[in-house]
Amino acid sequence: MVLKEVEKPEAFETSEVADVLDTAYSTSQIEIGKFISSYYFSSLGEAMALFMPFRRSGCPLPDDKKLQKEKDDIVDDVVERRGEDTPTYVLPTLSADQQKAYDSLLPKDKALLFGVTGSGKTEIFINLMAKTIAEGKQCVFLMPEISLTPQMEMRLKKYFGERIVMWHSKLTKKQKEKILDAIYAGEVDIVAGARSALFTPLENLGLIIVDEEHDDSYKSMMKPRYHARDMAVYMGAKLGAKVLLASATPSLGSYHKYEVVRLMKPFIETKKNYHFVEGTSLTNKMIKQIDDNFRAGEQSLLFVPTRGNFKYLYCQKCGKTHLCPYCSVGMALHRKVRHLKCHYCNYTEAIRTVCTHCGHEPLQSERMGTQEVKEMIEHGIPDMVVEQFDRDSISTATKLKKALKRFESKESHLLLGTQMLSKGHDYANITLSIILGIDYILGLGDYKARERAMSLLIQIAGRSGRAKSADVVVQTANADFFNMYMNDYEAFLKDEMFFVEDMYPPFVSLSRILISHVKEEKAGKITLDTVTKLKEFEGVEIVGHGKAPIERIANKFRFNILLRCDKRSILLKALHQVNNPAIEIDMDPVEFS
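Quick note on my numbering: the sequence shown kicks off at 4 and runs consecutively.
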């Protein structure tokens, strides 16, 4: 990528330009890339690699300096290209509550749509997108992960046909090239998909929608460690596009920062009966409830708060967990393929029965995973078809589509899975939801644990009772806490404000510095040297420093430093002063474990 032309240096030899491609980054893309590089502490190359460039031949490059003129030219060009083929959209009719929310959103440049599950937020999205397209502009519709795309793709194509494309990381190179050709040809009005959809080359972006804006998967866990929701707000202001954030359980930060438009009644009002029970695993009573629901011709959902089909092994005698020899994390038991695996460095070994610390036999499992629950269900209800819905079972978009199709056609009867179940799918026939061990989420060592647990519970409970009454069984020792807010998430947000005030975002800024090295002493020295430099900056609080919660990954020792500051500008200045290749900086972190 050529940024500018300079005088030919004499100190070293230079290479001739071999070829010039038919693509280029716009001025706006480069300016946004520079912001990402500076704010999220990556190289400019890493930041620009997020963007898909514009095609130079026949495709104007937006430039902020003459943005308005180019927008007018683009609108004329789009209208001329479409001619008489401009589609007439038959839109979903809005209810009185939806229309009121829609009208409230129209004059706002950015806003948060706070709508309970099943309230019909998607119908509002569709009407806003149609209005944007009618004005000659384009839309980006962000969803937290690939797990949302199949159902949403069908719903959007029903209204917008082939002028909508889906963009996400699972696409092949050939598929991406085909989509880009359509964008360059002016045949695309809406780009929908995961966070990378934000960086596609749209000529005249007029609307960015961030659905399920609370979801932490909008935050990248590798360089550049940007947050797609926050970048959507930044890019909207930069490019003159309207930005709409939406969720049934909005993040505390968005609720505090942005103007809220509420949609607080479900489109179809049904009754949900909540039952709170104690325990930590699946019980015979729960299996009977699932069986009774199955015999009545209904479908059920069962949530397990751990990843896919693994559990840790630990010794009952000495209490030690069987660890990866290269990483300080437990080896995960994969029963399907009968081996132990480290999910950090991928080291694999045969299943062990004897403790490597004290020799005691046998080893026990720490928590029940989806595979163990599935075996219990299938043993208790042999004729029930269980649809396993986690990252181990749903590894591709095709598998996801097939699983959803089976469940929607009632070929499968129980949806069993982890956090993927909360991602916004609509299941009209679920009348029983059982949520196991939500206290595991509540007990994580993280200031957002309460918010994550409450949000997750409401989102999963919201998958049931969409079309008819439902029962929701919640396994927890904290029934009073959850019951207080189940039907009033806004009350939770208001109470949570007092919990985080003056200590955590959105009232202060946080940053996490990560240090890793093959030599523990070297990693420790880098950490202490960085802490010493940071102490020189007034107003920057060193919350803590030392070994990371996972001390070793891929044979590298890991340390971290957590920083807090009332003013973001002061924190950024300090971080830029201490930044060097030996450390990695995570600005506005969402993951601490």
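Quick reminder that beta carbons are idealized off the backbone N, C-alpha and C, glycines included.
Beta-carbon proximity check, residue i vs residue j, cutoff 8 Å
i, j, result
"K275", "G118", "no"
"F144", "I212", "yes"
"L242", "L208", "yes"
"G196", "M146", "yes"
"D25", "R58", "yes"
"T479", "D442", "yes"
"L115", "L316", "no"
"L210", "A244", "yes"
"P253", "I39", "no"
"Y261", "K113", "yes"
"H548", "N558", "no"
"I433", "I293", "no"
"I553", "L566", "no"
"M55", "M4", "no"
"N481", "Y277", "no"
"L255", "E454", "yes"
"F501", "M457", "no"
"T421", "V280", "no"
"K413", "T273", "no"
8 Å contact criterion, which residue i and residue j should meet: CB distance rounded
i, j, result
"A231", "R198", "3 Å"
"S425", "L403", "The pair is not a contact, with the Cβ atoms about 15 Å apart (cut-off 8 Å)."
"E378", "L417", "The Cβ separation is near 13 Å, so there is no contact."
"S303", "L109", "Contact doesn't hold; Cβ gap of about 41 Å is too wide."
"V305", "I397", "A quick correction: the sequence has Leu, not Val, at residue 305. Contact doesn't hold; Cβ gap of about 15 Å is too wide."
"P95", "E126", "4 Å"
"C358", "Y329", "The pair is not a contact, with the Cβ atoms about 19 Å apart (cut-off 8 Å)."
"V476", "A464", "So it is not a contact: roughly 10 Å between Cβ atoms."
"K536", "V581", "5 Å"
"I588", "I516", "6 Å"
Residue i to residue j span [Cα, whole Å]
i, j, result
"F484", "E594", "24 Å"
"L285", "L439", "7 Å"
"T373", "S415", "16 Å"
"G333", "C327", "6 Å"
"S512", "D295", "50 Å"
"T533", "P584", "12 Å"
"K576", "H171", "34 Å"
"A185", "T135", "19 Å"
"V78", "T203", "Any reading at V78 needs caution, since the residue's pLDDT is 45, under 50, leaving its predicted position unreliable; the model's value is listed next. Cα to Cα, V78 sits roughly 18 Å from T203."
"K173", "T401", "10 Å"
"L8", "K528", "It should be pointed out that residue 8 corresponds to Glu in this sequence rather than to Leu. Straight-line Cα distance between these residues: approximately 41 Å."
"A526", "F392", "39 Å"
"I33", "E13", "28 Å"
"V81", "V191", "With a pLDDT of 43 at V81, under the threshold of 50, the modelled position of that residue is not reliable, and the figure given next carries that caveat. In a straight line, the C-alpha of V81 is about 10 Å away from that of V191."
"Q319", "R355", "14 Å"
"R2", "M423", "This structure cannot speak to residue 2, because the chain is shown only from 4 to 596."
"S514", "P592", "6 Å"
"M155", "Y492", "25 Å"
"L131", "R166", "15 Å"
"G630", "R561", "Absent from the model: residue 630. The displayed extent of the chain is 4 to 596, so no value can be given."
"K497", "Y229", "27 Å"
"V340", "E375", "14 Å"
"G311", "A335", "Per-residue confidence for G311 stands at a pLDDT of 35, beneath the threshold of 50, marking its modelled position as unreliable; no derived number is given."
"K160", "C142", "14 Å"
"I3", "H520", "Any property of residue 3 remains undetermined from this structure, which presents the chain solely from 4 to 596."
"F270", "E301", "21 Å"
"K550", "L407", "43 Å"
"K179", "V194", "12 Å"
"M506", "Y43", "22 Å"
"F15", "D219", "46 Å"
"K72", "S29", "Summary for K72: the model assigns pLDDT 49, below 50, so the residue's position carries little reliability; its value from the coordinates is reported in the next sentence. Distance between the alpha carbons of K72 and S29 is about 15 Å."
"L445", "K451", "9 Å"
Closer than 7 Å: residue i CB and nearest the ligand NAP heavy atom
i, result
"V213", "Of ligands this structure carries none, so the ligand NAP is not represented either."
Cutoff 8 Å: residue i Cβ touching any chain D Cβ
i, result
"V119", "Checking the listed chains, one finds no chain D in this structure; it contains a single protein chain."
Residues bridged to residue i [DSSP beta-bridge criterion]
i, result
"H259", "Answer is none; H259 lacks a bridge partner."
"L266", "G118"
"E190", "Per DSSP, none; premise fails for E190."
"D589", "R515"
"C568", "S512 and V543"
"Y277", "V475"
"Q302", "I433"
"I573", "Answer by DSSP bridge pairing: none, since I573 is not bridged."
"K559", "I556"
"S250", "F117"
Pick out the complete alpha helix (DSSP H) segments inside the region 424–497, 4 residues or longer, and give them in chain order. 442–445, 452–464 and 482–488
Which complete alpha helix (DSSP H) runs does the region 344–390 hold, if anything under 4 residues is left out? Listed in chain order, they are 373–383.
For the region 137–175, list the beta strand (DSSP E) runs that are entirely contained and at least 3 residues long, ordered along the chain. The region 137–175 contains, as complete beta strand (DSSP E) runs of 3+ residues, the segments 141–145 and 167–170 (chain order).
Could I get the ranges of all uninterrupted beta strand (DSSP E) runs contained in the region 29–61, with 3 residues as the minimum, in chain order? none
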